[in-house]
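Undergrad: Here's a structure for you.
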Amino acid sequence: MPTIFGMPPQVLFGQLSLGLINGSFYALLSLGLAVIFGMLNIVNFAHGAVYMMGAFCAYFLLNGIDLPIPWWMAGHFSLMNIHFGSHLSFWWALLLAPIIVGAIGMFLQRVLIARIAGLDHIYGLLLTFGLAAILQGLFQNQFGSSGLPYEIPDGLSGGHNLGFMFLPNYRAFVVGASIVVCFATWFVIERTKLGSYLRAATENPSLVRAFGINVPLMITLTYGFGVALAAFAGVLAAPIYQVRPLMGADLIIVVFAVVVIGGMGSILGSIVTGFGLGIVEGLTKVYYPQASGIVVFVIMAIVLLIKPTGLFGRAA
Amino acid sequence: MTAISLSEAHGRNRAQKVAMVVMLAVLLAAPFFVYPYFLMQALCFALLACAFNLLVGYVGLLSFGHAMFMGTGAYICAHLAQARGVPVEFAIPAGMLVAALVGVVAGALSIRRQGIYFSMTTLALSQLIYFLALELPFTHGEDGIQPVPQTKIFGGLLDLGHPLQIYYFVLVIFFAGFLLIYRVINSPFGEVLKSIRENEPRAISLGYKVDQYKLMAFVLSATLAGLAGATKALVVQNASLSDVYWTTSGEIVLMTLVGGMGTIFGPVIGAFIVSAMQVYLSGLGQWVTVIQGVIFVTCVLAFRRGIVGEIAAKFGLNL
Amino acid sequence: MSSDDVLIAEGLTKAFAGFIAVNDVNLNVRRGSIHALIGPNGAGKTTCFNLLTKFLNPTAGRITYDGHDITHMKSADVARLGMVRSFQISAVFPHMSALENVRVALQRQRGDNFDFWRSKSVLNQLNARARELLNDVGLSEYEMTRAVEMPYGRKRALEIATTLALDPKLMLLDEPMAGLGHEDIDRIANLIKQVSVGRTILMVEHNLKVVASLSDTITVLTRGQILAQGDYAHVSENPDVKQAYLGAGHG
Amino acid sequence: DKTIVIGNVNDMSSLYADTGGIGSEVAAKMAIEDSGMEKKGWKISVISADHQNKPDVGATLTRQLIDEKHADVIIDTPNSGVALAVAAVVKEKNKVFIPSGAASAALTGAACTPNTVHWTYDTYELAHGTGGAITRAGGKSWFFLTADYAFGKALEADTTAVVKAEGGTVLGHDLHPLNTADFSSFLLQAQASKAQVIGLANAGGDTINSIKQAAEFGIIKGGQTIAPLLLFITDVNAMGLKVAQGLEFTSSFYWDMNDGTRAWAKRFQALDPAHHMPTQGQAGAYAGVLHYLKAVEKVGDPSDGAKVVAEMKALPTDDPLFGKGTVRIDGRVTHPAYLFKVKTPEESKYPWDYYKLVATIPADKAFRPLSESDCPLVKK
Amino acid sequence: MVDAANEPLLNVVNLEAWYGESHILHGVNFNVGKGEVVTLLGRNGAGKTTTLKSIMGMVAKRRGSVHFEGKETIDQPSNNIARAGIALCPEERGIFASLDVRENLLLPPVVRPGGLGLEQIFELFPNLKERLTSQGTKLSGGEQQMLAIARILRTGAPFLMLDEPTEGLAPVIIDQIGVTIRRLKERGFTILLVEQNFRFAASVADRYYVMEDGRIIDAFSAQNLEANMDKLHTYLGV
Ligand SMILES: Nc1ncnc2c1ncn2[C@@H]1O[C@H](COP(=O)(O)OP(=O)(O)OP(=O)(O)O)[C@@H](O)[C@H]1O
Ligand SMILES: Nc1ncnc2c1ncn2[C@@H]1O[C@H](COP(=O)(O)OP(=O)(O)OP(=O)(O)O)[C@@H](O)[C@H]1O
Ligand SMILES: [Mg+2]
Ligand SMILES: [Mg+2]
């Protein structure tokens, strides 16, 4: 049997396509981060928590939601819940969850994040770090840590044998959905006037506003959109991974690395790097599996050494 | 125009000296009132936060990976003391030294960038160290290295098994580190650092090789963080993965933020508050995470200068 | 080439992506003179400046300063040789007092200031010299004021004092008068005249009154190339200069 | 002194919070009630503390519970790293440690102390139970998905030894980093190996994700058996039967075994804030505390931990959950272990009706024999 | 004092402004008539820039009244003020680094018909045409100034506020800008100018206001300039 660097080509192709699937999540998440960083100058540490909320939102839309009666009303050991029923399918979730979570994001931006506009971006990082802790803590309190099941939508269960691998239909769908959304985002931001407003507002919001553009509204919408992208990724993730409060916590660190490698704030950079690193990680799993959790960071260190602005970054 | 007179400037310095004496007095008396093992752990974190603050407060570089130096110090010290039988009085400096070496490499890689990029680079590097801690055989993976023996040291002069003796041993280490940082800040070197933070291109145009100054500050900070880690390994008798995990780096930031970035005493106060929360609120489970998050958010929104920073600003002191 | 020239640029060229900002410029700055670089906007003056002070690397050409070939040196090293620049936007250390601003520059005499174990009180011996410098530029009363709180014109003076603290042989000033009110312009012009004694000054400036009254030599740059060179009378009579720079109302 | 303080040093906020957490406090309180000692004038209380899966925090908390809150016994302590740190402190303070939620067999091996009594499962039991029973039942060829750290590697090594001893073969393994979200690459290799059994030498979220994704890639339908080496009932509950069906694994406890376990479990469920059925760790906490209290009552005073543990070792264990057994000289509690198979959704008749029994491993076979022990307390 | 001859386009009454705690404008009163070029003079720090920013709604705290075309704008956010037809060319130029020259130029939305077309702009500032695809901040200082002016000429706003538009420009270009301002005036634009370069201001202004310490302290028309020269010398130290 012919081999490529000691691997049968089937295995290699299989891993490459799996890498692409993972890359889809990286791309969506890093894109949202890049949009938010590029436009608000905020490193959104809460992005992982938002991704998680997207997945939970899909779960609630399907199964309804149990809202707790506060413990001081119900007594410590007997938490009582009120059930709000709902049976909306995955497809509805894919549409509604980003909107709902995006709205929550916009609310948080208005009441909290807007207050630190114009400060050093360290403060944005710290504020969203705190937000992430609060959100994840609250979800853990309510739902424990092992998570909730979410099944693959009916139309997409099963899979196809590609010869070199068994490709579940759902995963193929994830790749497609992610590419479409990423490209649409890129187009809007880089190829329309809206994009130049956004970029200019990052640099000097008060001046852009003095040109007649409602910058605060635009910023809020942008944050909402970045957050909605993460929620969208969360809905996509729900059937594959467990719907868990901490599902975004570790992922987010990797996604940060993706954004840094691509070049902070670069839309195209984050998309390309997201997919690219998914593939590189897939290959690492073949050749040196233990290092797969860290290969992204090694690449990040190397990239920062050679091209400190990231692969697609503009010089400051 | 708010010119400050010379005598006022001296007054500011006096406030620092008074605060220093008060702090020392409180710490000397504390073990008779508060649980000494808690105090020791908090002291280690305080030293760590002070080391971190040297970078963020006085060079303007926010490291999001300082756990890597603490972890390195802790692992090396724990390994030498536990597996190699090296006496603690040598294992601690050894941990500190290795952390310094890691600091040289990490610093050389990361100080080329500023702002958020610097933070991200340090975060990535600390993930690399975490990986090593997970993979290298001597660290024993998730079990960690334990127990680090609390034995008699200095030829039997000091018994680390005795709560008060080990406490004062740790206090001496903390205070030495603290004084060193204080001196660094108030040295000719510190003046140059300050000018770099204020206006880097201007410092360059005056002929300062700013990268060397930043690297030096980075290594100093790493070294002291390593010392804090090594001492902590002795105090809690183990070194484990959580010492190098990124959430620990986040906690260091939290401590410094709560106390006041760029203040001398802020990180100490912050470290005590956060450690106390972890230990005394531990029955609350996840609520601790939520509370920490709330503190983060409140600090950033309302008390950006931190507790000590706010007090100092209110009374026009320099603390 | 004569040793009378403290700074010599030969064939200095800088190309940015698809655009040549400075094109084969030969410049000799005579020791002890005040030399002005003028020209229309976008002529390449600031770029030239950045090349000479090594904030940019030339695409081609050679720069000799005081007998050293500095073409490939780093800007901090150039500064160490006594060639110090100011910035177009005032460059002070905002949250340090005027005295501290100057003292940081004076610290350079101590060599490498890596002595983190020493108290900064050792720097007090520099205070006398720092006060002297502040006095020279008329800032004695501002000694303990933080730079950020000083009026604009005074900041420029502080910047000059800081630069003087390095005792530079060659000072490069980029538009020192930009944004100054009339009184400040006179004050700074006098100051430049005063500190030029015993050193060389190269400056970029649009204020023709200042250029005319201060400079010994003027080089006019357009489109990255030298158009004319000489004293004010000579240059301002040049019809090319009139057309490209001065406009109808002048000369 | 007739006051006993029980310290529940636990993960209250993260991955083990469901398998231990506040539920272990509930179990301990049930044990106190069932011991009937409060009626005899004893004052017994439980304090829970969150070790956040950090050994340093765990050690400090333990020290503080003992010094300041006068804790006499520390229970549960899931996460082997923390358990080992706590064991050292408890020994130094001469109290009692009953790690009912920690898996490391080192607790009764190289790191055993005269103050530790290890209840419920350990890595040896899990490896031997699952590996032995499945191989004997015909699953001869194995492939491992192993978490790349000490716990995973130890599980894999132990299981490999059993599989080989039973005449099976190991075709290969894949090491994955801790907390991996995506297992598809590893599963693909496992699938390609054509092994009959895919052993999961990992825990918690890693186990759940690998099982979920194995179902997605059609591995179970394709005829391969997935054998998670450590699985809790809360994990099965979280995955849902559709995904979890057909898994084979070892457990020391299942709530629906007999009338005794059922009655106890229903009581527990009512008290548990999340209304979960008890996990084996929580059952162990109950049984451990119950036995401890018996011993303390005999000794008359909890302050000398080693003395209490000696008494625990002298008394035979007997409780409705684990039945009769003994505490061995190395601190290991012996009781039977069971090989379960997860039911299909059709087979499940009522809530939490998840397991069916495949095989029972008798108490004397379930744990590492003393003859193989490297515990210094075992004299050879 | 001299006021606008006809109905003022802009009427500022008792305008006060603060930066944080510091009170900068202490009640500024002036007006600008339609089609006029009015220049604000004053020393560094007198509050000229702050006045423009307050009119534009760009300072956090302000009080008093600013009527534009008869409507009160003091309580409006700056985006609405811009839409009403006021445009500012800021002192610090405000060129965006992340946008190229073309994007910078096209950034401010057109608020009314009647602005300059791109061709007219390039005629005025040929440098810009050459550098159209450069990054905005890669332009030389003077080119950035041209870009900043050109940018607001496109929008068609009938009221332009120019803050030291000649700073850092070569004499030829300054002459050009003078010509431009006169031409804009012919086309019916109204201009409020802040200038240090008195020579330049004198070549375009109809009326002058002099500011000191956050107040208007004097005003006179172009015809009376000669008579007021002595006073001006003391005000400005010219
Ligand atoms: N980094 C750069 N990349 C591309 N082009 C540049 C860069 N820096 C300067 N330029 C271009 O080079 C030319 C010369 O610029 P320079 O700043 O030297 O002009 P200047 O003579 O200082 O003009 P001014 O008097 O307006 O300040 C300008 O056309 C400018 O757009
Ligand atoms: N952002 C700010 N924060 C605090 N004070 C400010 C700020 N901007 C300006 N000032 C102060 O407000 C006063 C008026 O400033 P302004 O910029 O309006 O003056 P100006 O007349 O435009 O002067 P110049 O001729 O120097 O541009 C000055 O004393 C200045 O120091
Ligand atoms: Mg220039
Ligand atoms: Mg101004």
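Protein chains in written order, with the numbering used here: chain A, 46 to 361; chain B, 111 to 429; chain C, 27 to 277; chain D, 378 to 757; chain E, 13 to 250.
All C-beta atoms in this analysis are idealised placements derived from N, C-alpha and C, irrespective of residue type, glycine included.
Between Ile-306 (chain A) and chain E, is the shortest Cβ-Cβ distance under 8 Å, so that the two count as touching?
TA: To locate residue 306 (chain A), count along the first sequence from 1; it is residue 261. Not an interface residue.
Undergrad: Would you please verify whether the beta carbon of Pro-265 (chain C) is less than 8 Å from any beta carbon of chain B?
TA: Here residue 265 (chain C) refers to the residue found at position 239 when the third sequence is read from its first residue. So no, Pro-265 (chain C) is outside the interface.
Undergrad: Mind listing, in chain order, the continuous beta strand (DSSP E) runs of no fewer than 3 residues lying wholly within the stretch 86-155 of chain C?
TA: Runs of the beta strand (DSSP E) inside the stretch 86-155 of chain C: 86-91 and 109-111.
Undergrad: If you measure beta-carbon to beta-carbon, which residues of the stretch 67-84 of chain E are closer than 7 Å to chain A?
TA: Taking 7 Å as the Cβ-Cβ cut-off against chain A, the residues of the stretch 67-84 of chain E that qualify are Met-68 and Met-70.
Undergrad: Could you check whether the Cβ of Asn-86 (chain A) sits closer than 8 Å to any Cβ belonging to chain E?
TA: Here the question's residue 86 (chain A) lines up with position 41 in the first sequence. No, its Cβ sits nowhere closer than 8 Å to a Cβ of chain E.
Undergrad: If you follow the alpha helix (DSSP H) that Trp-729 (chain D) is part of, which residue opens it and which one closes it?
TA: Here residue 729 (chain D) refers to the residue found at position 352 when the fourth sequence is read from its first residue. Where Trp-729 (chain D) is concerned, there is no enclosing alpha helix (DSSP H), given that its DSSP letter is neither H nor E.
Undergrad: Is Gln-255 (chain C) helix, strand or coil by DSSP?
TA: Indexing the third sequence from 1 puts residue 255 (chain C) at position 229. Strand, per DSSP.
Undergrad: Thinking just about the alpha-carbon of each residue, which of D:Ala-567, D:Phe-528 and D:Leu-648 is nearest to the one in Gly-251 (chain B)?
TA: One-based indexing of the second sequence puts residue 251 (chain B) at position 141. Closest by alpha carbon: D:Phe-528.
Undergrad: Output, in sequence order along the chain, the residues in the stretch 571-589 of chain D whose CB is closer than 8 Å to any CB in chain A.
TA: Listed by position along the chain: Gly-581, Gly-582, Ile-585, Asn-586 and Lys-589.
Undergrad: Does the stretch 453-461 of chain D come close enough to the stretch 331-347 of chain B to have 3 or more Cβ pairs within less than 8 Å?
TA: Not touching, per the Cβ criterion.
Undergrad: Could you tell me whether any Cβ in chain D is nearer than 8 Å to the Cβ of Ser-359 (chain B)?
TA: Here residue 359 (chain B) is taken as the residue at index 249 of the second sequence, counted from 1. By this cut-off, Ser-359 (chain B) is not an interface position.
Undergrad: Distance, Cα to Cα, Gly-155 (chain E) vs Phe-119 (chain C)?
TA: By one-based count along the fifth sequence, residue 155 (chain E) stands at place 143. By one-based count along the third sequence, residue 119 (chain C) stands at place 93. As written in the sequence, residue 155 (chain E) is Glu, which differs from the Gly given in the question. Straight-line Cα distance between these residues: approximately 28 Å.
Undergrad: Strictly under 8 Å for the Cβ-Cβ distance: is Ser-236 (chain B) near chain D by that measure?
TA: By one-based count along the second sequence, residue 236 (chain B) stands at place 126. No - not a single Cβ of chain D is within 8 Å of the one on Ser-236 (chain B).
Undergrad: Give me every residue whose Cβ sits closer than 5 Å to any heavy atom of ligand 1, in chain order.
TA: In chain order, the qualifying residues are C:Phe-42, C:Ala-47, C:Asn-67, C:Gly-68, C:Ala-69, C:Gly-70, C:Lys-71, C:Thr-72, C:Thr-73, E:Lys-150, E:Leu-151, E:Ser-152, E:Gly-153 and E:Gly-154.
Undergrad: Pull up the CB-CB distance for Arg-227 (chain E) and Gly-39 (chain E), whole angstroms please, since I reckon it's below 8 Å.
TA: The residue labelled residue 227 (chain E) in the question sits at position 215 within the fifth sequence. The residue labelled residue 39 (chain E) in the question sits at position 27 within the fifth sequence. Going by Cβ atoms, the distance from Arg-227 (chain E) to Gly-39 (chain E) rounds to 6 Å, so yes, they are a contact pair.
Undergrad: Restricting to runs no shorter than 4 residues, where is the alpha helix (DSSP H) found entirely within the stretch 146-206 of chain C?
TA: Listed in chain order, they are 153-162 and 178-191.
Undergrad: With which residues is Tyr-715 (chain D) paired in a DSSP beta bridge?
TA: The residue you call residue 715 (chain D) lines up with position 338 of the fourth sequence. Looking at the DSSP assignment, Tyr-715 (chain D) forms a beta bridge with D:Ser-628 and D:Thr-737.
Undergrad: What do you get for Gly-355 (chain A), buried or exposed, if any count of 16 or more other CB atoms within 10 angstroms of its CB means buried?
TA: Counted from its first residue, the first sequence places residue 355 (chain A) at position 310. Answer is buried; the Cβ neighbour count reaches 16.
Undergrad: Taking DSSP as the reference, what is the three-state secondary structure of Phe-609 (chain D)?
TA: As a first step, residue 609 (chain D) must be located in the fourth sequence, where it is residue number 232. Reduced to three states, the DSSP call for Phe-609 (chain D) is coil.
Undergrad: Rounded to the nearest angstrom, how far is the Cβ of Phe-167 (chain B) from that of Gly-372 (chain B), given a contact under 8 Å?
TA: For the purposes of this step, residue 167 (chain B) is taken as the residue at position 57 of the second sequence. For the purposes of this step, residue 372 (chain B) is taken as the residue at position 262 of the second sequence. Contrary to the premise, residue 167 (chain B) reads as Gly rather than Phe in this sequence. The Cβ separation is near 3 Å, so the contact holds.
Undergrad: Could you check whether the Cβ of Glu-248 (chain A) sits closer than 8 Å to any Cβ belonging to chain E?
TA: On the first sequence, residue 248 (chain A) is found 203 positions in, with the first residue counted as 1. Yes, because at least one Cβ of chain E sits closer than 8 Å to the Cβ of Glu-248 (chain A).
Undergrad: Assign Leu-33 (chain C) to one of three DSSP states: helix, strand, or coil.
TA: One-based indexing of the third sequence puts residue 33 (chain C) at position 7. Strand, per DSSP.
Undergrad: Step through the CB atoms of chain B and report whether any lies within less than 8 Å of the CB of Val-434 (chain D).
TA: Residue 434 (chain D) sits at position 57 when you count from the first residue of the fourth sequence. Judged by the 8 Å Cβ criterion, Val-434 (chain D) is in contact with chain B.
Undergrad: Within 10 Å of its beta-carbon, does Arg-124 (chain B) have 16 or more other beta-carbons around it, so buried, or fewer, so exposed?
TA: Locating residue 124 (chain B) in the second sequence gives position 14, where the first residue counts as 1. Under this definition Arg-124 (chain B) is an exposed residue.
Undergrad: Val-95 (chain A) and Tyr-195 (chain A): beta carbons closer than 8 Å?
TA: Looking up residue 95 (chain A) in the first sequence gives position 50. Looking up residue 195 (chain A) in the first sequence gives position 150. The answer is no: Cβ separation not under 8 Å.
Undergrad: Please state the DSSP three-state secondary structure of Thr-485 (chain D).
TA: Residue numbering aside, residue 485 (chain D) sits at position 108 when the fourth sequence is read from its first letter. The answer is helix: DSSP assigns Thr-485 (chain D) an H, G or I state.
Undergrad: Please identify the residue among B:Leu-325, B:Met-180, B:Leu-190 and B:Ala-188 whose C-alpha is closest to the C-alpha of Phe-142 (chain C).
TA: Here residue 142 (chain C) refers to the residue found at position 116 when the third sequence is read from its first residue. Ranking B:Leu-325, B:Met-180, B:Leu-190 and B:Ala-188 by Cα distance to Phe-142 (chain C) puts B:Leu-325 first.
Undergrad: For the stretch 193-212 of chain B, which residues have a CB atom closer than 9 Å to at least one CB atom of chain A, in sequence order?
TA: Answer set for the stretch 193-212 of chain B: empty.
Undergrad: For Met-230 (chain B), return the contacting residues in chain A, with the cut-off set at a CB-CB distance below 9 Å.
TA: Against the second sequence, residue 230 (chain B) aligns to sequence position 120. The contacting residues are Val-88, Phe-301, Ala-302, Val-304, Val-305, Met-309, Met-345 and Leu-349.
Undergrad: Is it a yes or a no for the stretch 71-88 of chain E touching the stretch 20-37 of chain E, going by three-plus beta-carbon pairs under 8 Å?
TA: They touch, by the three-pair rule.
Undergrad: Would you mind telling me which residues of chain B sit closer than 8 Å to Leu-131 (chain C), beta carbon to beta carbon, in chain order?
TA: Locating residue 131 (chain C) in the third sequence gives position 105, where the first residue counts as 1. In the sequence as displayed, the identity of residue 131 (chain C) is Ala instead of Leu. Leu-316, listed in chain order.
Undergrad: Helix, strand or coil for Trp-30 (chain E) per DSSP?
TA: Residue mapping note: residue 30 (chain E) aligns to position 18 of the fifth sequence, counting from 1. Note: Trp-30 (chain E) maps to strand in three-state DSSP.
Undergrad: Let me make sure I understand the geometry here. Which of B:Thr-366, B:Phe-174, B:Phe-284 and B:Ala-327 has the alpha-carbon closest to that of Met-133 (chain B)?
TA: As a first step, residue 133 (chain B) is located in the second sequence; it is residue number 23 there, counting from the start. Nearest of B:Thr-366, B:Phe-174, B:Phe-284 and B:Ala-327 to Met-133 (chain B), Cα basis: B:Phe-284.
Undergrad: Output the residue ranges of the beta strand (DSSP E) runs that lie fully inside the stretch 299-330 of chain A and measure 3 residues or longer, sorted by chain position.
TA: List check, beta strand (DSSP E) in window: nothing returned.
Undergrad: Cα separation between Leu-548 (chain D) and Cys-409 (chain B)?
TA: Within the fourth sequence, residue 548 (chain D) is the residue found at index 171, counting from 1. Within the second sequence, residue 409 (chain B) is the residue found at index 299, counting from 1. Whole-angstrom Cα-Cα distance: 55 Å.
Undergrad: From Leu-124 (chain A) to Asn-635 (chain D), what does the alpha carbon distance come to, in whole angstroms?
TA: The residue you call residue 124 (chain A) lines up with position 79 of the first sequence. The residue you call residue 635 (chain D) lines up with position 258 of the fourth sequence. Unreliable positioning characterises Leu-124 (chain A) in this predicted model, as indicated by a pLDDT of 48, which lies under 50. The coordinate reading is nonetheless provided below. Spanning the two alpha carbons is a distance of roughly 29 Å.
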